[in-house]
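There are 2 protein chains.
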Amino acid sequence: MKNRRWVLATRPEGEPKPETFRLESADLADPGAGEVLLKTLWLSLDPYMRGRISAAKSYAKGVEPGEVMVGGTVSEVVASNNPGFAKGDIVLSFGGWQEYQLSAGKELQKLDPKAAPISTALGVLGMPGMTAYTGLLTIGQPKAGETVVVAAASGAVGAIVGQIAKIKGARAVGIAGGADKCRYVEEELGFDAVIDRRDPSMPEKLAAACPKGIDVYFENVGGEVWDAVFPLLNTFARVPVCGMIAHYNDTEPPPGPDKSTRLMRAILTRRLTMRGFIVWDFADQEPAFRRDMAQWIKAGKVKYREDVVEGLEAAPQAFIGLLKGKNFGKLLVRVAK
Amino acid sequence: MKNRRWVLATRPEGEPKPETFRLESADLADPGAGEVLLKTLWLSLDPYMRGRISAAKSYAKGVEPGEVMVGGTVSEVVASNNPGFAKGDIVLSFGGWQEYQLSAGKELQKLDPKAAPISTALGVLGMPGMTAYTGLLTIGQPKAGETVVVAAASGAVGAIVGQIAKIKGARAVGIAGGADKCRYVEEELGFDAVIDRRDPSMPEKLAAACPKGIDVYFENVGGEVWDAVFPLLNTFARVPVCGMIAHYNDTEPPPGPDKSTRLMRAILTRRLTMRGFIVWDFADQEPAFRRDMAQWIKAGKVKYREDVVEGLEAAPQAFIGLLKGKNFGKLLVRVAK
Numbered sequence: 030m031k032n033r034r035w036v037l038a039t040r041p042e043g044e045p046k047p048e049t050f051r052l053e054s055a056d057l058a059d060p061g062a063g064e065v066l067l068k069t070l071w072l073s074l075d076p077y078m079r080g081r082i083s084a085a086k087s088y089a090k091g092v093e094p095g096e097v098m099v100g101g102t103v104s105e106v107v108a109s110n111n112p113g114f115a116k117g118d119i120v121l122s123f124g125g126w127q128e129y130q131l132s133a134g135k136e137l138q139k140l141d142p143k144a145a146p147i148s149t150a151l152g153v154l155g156m157p158g159m160t161a162y163t164g165l166l167t168i169g170q171p172k173a174g175e176t177v178v179v180a181a182a183s184g185a186v187g188a189i190v191g192q193i194a195k196i197k198g199a200r201a202v203g204i205a206g207g208a209d210k211c212r213y214v215e216e217e218l219g220f221d222a223v224i225d226r227r228d229p230s231m232p233e234k235l236a237a238a239c240p241k242g243i244d245v246y247f248e249n250v251g252g253e254v255w256d257a258v259f260p261l262l263n264t265f266a267r268v269p270v271c272g273m274i275a276h277y278n279d280t281e282p283p284p285g286p287d288k289s290t291r292l293m294r295a296i297l298t299r300r301l302t303m304r305g306f307i308v309w310d311f312a313d314q315e316p317a318f319r320r321d322m323a324q325w326i327k328a329g330k331v332k333y334r335e336d337v338v339e340g341l342e343a344a345p346q347a348f349i350g351l352l353k354g355k356n357f358g359k360l361l362v363r364v365a366k
Numbered sequence: 030m031k032n033r034r035w036v037l038a039t040r041p042e043g044e045p046k047p048e049t050f051r052l053e054s055a056d057l058a059d060p061g062a063g064e065v066l067l068k069t070l071w072l073s074l075d076p077y078m079r080g081r082i083s084a085a086k087s088y089a090k091g092v093e094p095g096e097v098m099v100g101g102t103v104s105e106v107v108a109s110n111n112p113g114f115a116k117g118d119i120v121l122s123f124g125g126w127q128e129y130q131l132s133a134g135k136e137l138q139k140l141d142p143k144a145a146p147i148s149t150a151l152g153v154l155g156m157p158g159m160t161a162y163t164g165l166l167t168i169g170q171p172k173a174g175e176t177v178v179v180a181a182a183s184g185a186v187g188a189i190v191g192q193i194a195k196i197k198g199a200r201a202v203g204i205a206g207g208a209d210k211c212r213y214v215e216e217e218l219g220f221d222a223v224i225d226r227r228d229p230s231m232p233e234k235l236a237a238a239c240p241k242g243i244d245v246y247f248e249n250v251g252g253e254v255w256d257a258v259f260p261l262l263n264t265f266a267r268v269p270v271c272g273m274i275a276h277y278n279d280t281e282p283p284p285g286p287d288k289s290t291r292l293m294r295a296i297l298t299r300r301l302t303m304r305g306f307i308v309w310d311f312a313d314q315e316p317a318f319r320r321d322m323a324q325w326i327k328a329g330k331v332k333y334r335e336d337v338v339e340g341l342e343a344a345p346q347a348f349i350g351l352l353k354g355k356n357f358g359k360l361l362v363r364v365a366k
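Respectively, the protein sequence lines represent chains A and B.
To convert a position in the first sequence, counted from 1, into our numbering, add 29.
To convert a position in the second sequence, counted from 1, into our numbering, add 29.
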């Protein structure tokens with residue numbers, strides 16, 4: 030049996046390019062004792078993948094050239110030698126950028142297709158949703174009346190951050206790229222204000238949208254957004270640091286002056302809390318997340334949007350676009366129906 | 030009655046100079062209804078005072094040119110129209126750089142001269158001790174076997190940070206300026222290791238002294254020490270940000286490259302917690318601090334050292350020296366006996 034898969038061809042310097050990845054067709058053995066054969070239905074594309082293909086040390090083991098690209102997947106069991114799984118079961122896996130996968134079953138999580146669309150296990154009910162939930166509530170701790178700012182506000186994480194902020198009674202201010210996304214964030218998601226990241230007066234508009242300053246900034250982009258947010262952070266503001274997509278393709282440190290001293294001084298005098306996290310640091314919150322998020326979706330308090338590209342072939346271009354903010358909503362590849 | 034006092038003459042650009050301050054002799058009225066007249070015995074000199082005479086916004090109201098320099102004092106009641114205080118009472122006050130002070134009594138705290146030397150109310154049993162206690166325990170949260178690093182380790186705050194770290198079962202590594210201070214930190218205070226800040230190979234020696242990396246860095250200096258600490262911070266390290274004495278006299282941001290992005294990225298990938306604080310953010314911990322610290326001093330687990338300069342005249346030079354690390358222990362001015 031043949032399995033098509035994307036491997037890392039070469040570590041990118043700066044922006045990944047199509048030739049960063051290589052499509053292979055490899056033989057796949059039949060499932061061994063205790064194993065299941067999984068067919069990928071959905072592949073999730075997420076910013077963290079840029080870190081995995083970088084030479085720099087990050088929180089997880091990187092993908093070596095020649096290895097299959099990693100990624101969360103929703104898959105169907107097509108053959109099973111494992112009593113825990115039956116043909117036709119739908120599971121959440123970390124199968125990577127490929128059509129098929131053999132698994133011993135340990136890391137698989139069965140999904141109930143009747144409870145929610147199965148793709149949501151990669152988005153609002155999965156890792157991105159839980160990233161928003163844990164980072165905002167555990168580190169950000171928004172209180173009623175406070176101001177919460179998040180960028181990439183139409184994206185898989187940012188959209189959820191703002192909506193949870195609203196549920197907690199805070200004022201949600203989003204930053205998004207372009208008029209369509211801004212309209213969606215304000216009108217569909219119900220943020221109190223939204224600013225176009227591409228607007229040359231973005232910093233002034235952000236300040237105007239935050240008349241009482243910023244109490245929580247959920248950091249997932251860095252760059253110019255961070256520079257605009259920084260002077261507005263209130264005393265005792267909290268900054269969950271979740272990502273820095275504006276810098277993932279950096280090849281050298283930004284030019285001077287060195288703003289790190291200014292940052293440390295602000296942490297001191299404004300008594301900021303800055304804390305980095307990844308979602309699995311808060312793995313014990315998964316039951317609470319699932320319960321709350323399912324209820325919020327049902328009550329119409331949390332909406333989500335998926336940006337679906339068709340076919341495994343499209344994964345590299347979609348991923349390259351993701352790093353430039355070209356997606357609109359949670360980016361997913363439909364690998365098979 | 031005449032009262033000699035130091036006022037701010039002019040805001041310093043960079044390093045304060047003797048002419049930054051001006052000694053005045055002013056008339057002092059008799060205490061009015063409900064007031065007490067206080068004679069300053071001890072004046073505390075502390076790094077935060079640099080912030081108070083700066084034009085930059087900080088956490089507290091600044092001292093305006095012409096105003097008396099602020100500072101914690103231990104004073105004697107020499108006349109009282111307040112039923113709460115009698116002549117001869119010794120009180121902790123915030124009387125500033127002057128010989129006498131009138132007070133309505135509200136902010137005064139009576140001291141028991143039999144319980145501890147009264148000067149300790151400005152040091153180990155006062156603001157600096159409580160700064161070490163609250164910042165280390167609440168933000169740093171050292172666990173047994175972890176490594177805690179602190180600079181200015183022979184100073185009023187650093188010395189206490191390391192000794193509390195030891196009490197909690199952590200490894201205490203200090204950084205101090207010069208052989209005498211280093212010897213004191215290791216031999217008298219019992220730190221596990223100490224590195225001379227002036228040693229050109231300080232970064233390598235710090236790395237060697239922290240073979241398992243750094244779990245808590247109590248930041249009170251910034252500058253080269255921070256640069257040496259930064260690469261050694263472990264995943265989930267905590268950084269209470271208490272001061273940045275290396276930068277208080279900066280007149281412009283350090284040259285590039287801009288290291289703030291590298292810092293944010295480290296916060297993210299190493300899931301650092303950086304949090305600024307001032308001691309009064311944790312005012313509710315004062316009873317616990319007093320109880321624990323008194324007990325630790327009695328048990329010989331916490332030692333302290335005072336650096337006493339004689340006479341109010343000496344305050345400016347002593348303060349200028351403090352910002353350069355010339356003091357050895359908690360810096361105090363004996364204003365009167």
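Positions of the beta carbon are idealized from the N, C-alpha and C atoms, including for glycine.
- Proximity to residue 158 of chain B across B/233, B/111 and B/325 peaks at B/325, based on C-alpha coordinates.
- Within chain A, the C-beta atoms nearer than 9 Å to that of residue 306 of chain B come from 297 and 300, in chain order.
- Just so you know, the alpha carbons of residue 348 of chain A and residue 252 of chain B end up roughly 39 Å apart.
- Residues of the same chain with a CB within less than 6 Å of the CB of residue 108 of chain A, apart from the 5 flanking positions on each side, are 60 and 66 in chain order.
- Per DSSP, the beta bridge partners of residue 303 of chain B are A/303 and B/268.
- DSSP lists A/53 and A/127 as the beta-bridge partner residues of residue 34 of chain A.
- Excluding five sequence positions before and after residue 63 of chain B, the CB atoms of its chain that fall closer than 8 Å to its own CB belong to 110, 111, 133 and 134, given in chain order.
- Here the segment 278-296 of chain B makes contact with the segment 270-288 of chain A; the two share three or more CB pairs at distances below 8 Å.
- Taking CB atoms only, residue 287 of chain A has a neighbour in chain B less than 7 Å away.
- Within the same chain, and ignoring the five residues on either side of residue 232 of chain B in sequence, the residues whose Cβ sits closer than 7 Å to its Cβ are 257.
- In the three-state scheme derived from DSSP, where H, G and I count as helix and E and B as strand, residue 183 of chain B is classed as coil.
- With its beta carbon at least 7 Å from every one in chain A, residue 159 of chain B lies outside the interface.
- With fewer than 16 other Cβ atoms inside 10 Å of its own Cβ, residue 42 of chain B counts as exposed.
- Ranked by Cα distance from residue 184 of chain A, the options A/152, A/165 and A/246 are led by A/152.
- In the three-state scheme derived from DSSP, where H, G and I count as helix and E and B as strand, residue 247 of chain A is classed as strand.
- By the criterion of a C-beta distance shorter than 7 Å, residue 224 of chain B is surrounded in its chain by 204, 231, 234, 235 and 238, once the five residues flanking it on both sides are discounted.
- Taking the Cα of residue 103 of chain B as reference, the smallest distance to any Cα among B/277, B/357, B/117 and B/77 is reached at B/117.
- Only exposed fits residue 54 of chain B, as fewer than 16 other CB atoms lie within 10 angstroms of its CB.
- A Cβ of chain B is located within less than 7 Å of the beta carbon of residue 292 of chain A.
- Taken through DSSP and simplified to helix, strand or coil, residue 319 of chain B comes out as helix.
- DSSP places residue 289 of chain B in the helix class (H, G or I) of the three-state scheme.
- Closer than 9 Å at the C-beta level to chain B, one finds these residues of the segment 222-252 of chain A: 248, 251 and 252.
- Each of B/272, B/270, B/264 and B/291 was checked against the Cα of residue 275 of chain A, and the nearest Cα belongs to B/291.
- With contacts defined as CB atoms closer than 7 Å, residue 308 of chain A and residue 160 of chain A qualify as a contacting pair.
- Less than 7 Å divides the Cβ of residue 201 of chain A from the Cβ of residue 221 of chain A.
- Listed in chain order, the non-local C-beta contacts of residue 199 of chain B below 8 Å within the same chain comprise 171, 172, 173, 174, 175, 176, 177, 244 and 245, local neighbours out to five positions each way being set aside.
- Looking only at B/206, B/263 and B/241, the smallest Cα-Cα distance to residue 254 of chain B is reached by B/206.
- Among the residues facing chain B, residue 76 of chain A is not included, as its CB has no counterpart in that chain under 7 Å away.
- If you look at residue 225 of chain B, you'll find it in the beta strand (DSSP E) that goes 222-225.
- Within its own chain, the residues whose Cβ lies closer than 8 Å to the Cβ of residue 140 of chain B, once the five positions on either side in sequence are excluded, are 103, 119, 120, 121, 147 and 150, listed in chain order.
- Going by C-alpha positions, residue 310 of chain A is about 42 Å away from residue 334 of chain B.
- Taking residue 123 of chain A as the centre and dropping the five residues before and after it, the same chain places the C-beta of 99, 100, 101, 102 and 136 closer than 8 Å to its C-beta, in chain order.
- Under DSSP, the beta-bridge partners assigned to residue 363 of chain A are A/71 and A/339.
- Secondary structure at residue 138 of chain B: strand, using DSSP grouped into helix, strand and coil.
- Using a CB distance cut-off of 7 Å, residue 283 of chain B counts as an interface residue toward chain A.
- Per DSSP, residue 121 of chain A is one residue of the beta strand (DSSP E) stretching across 119-122.
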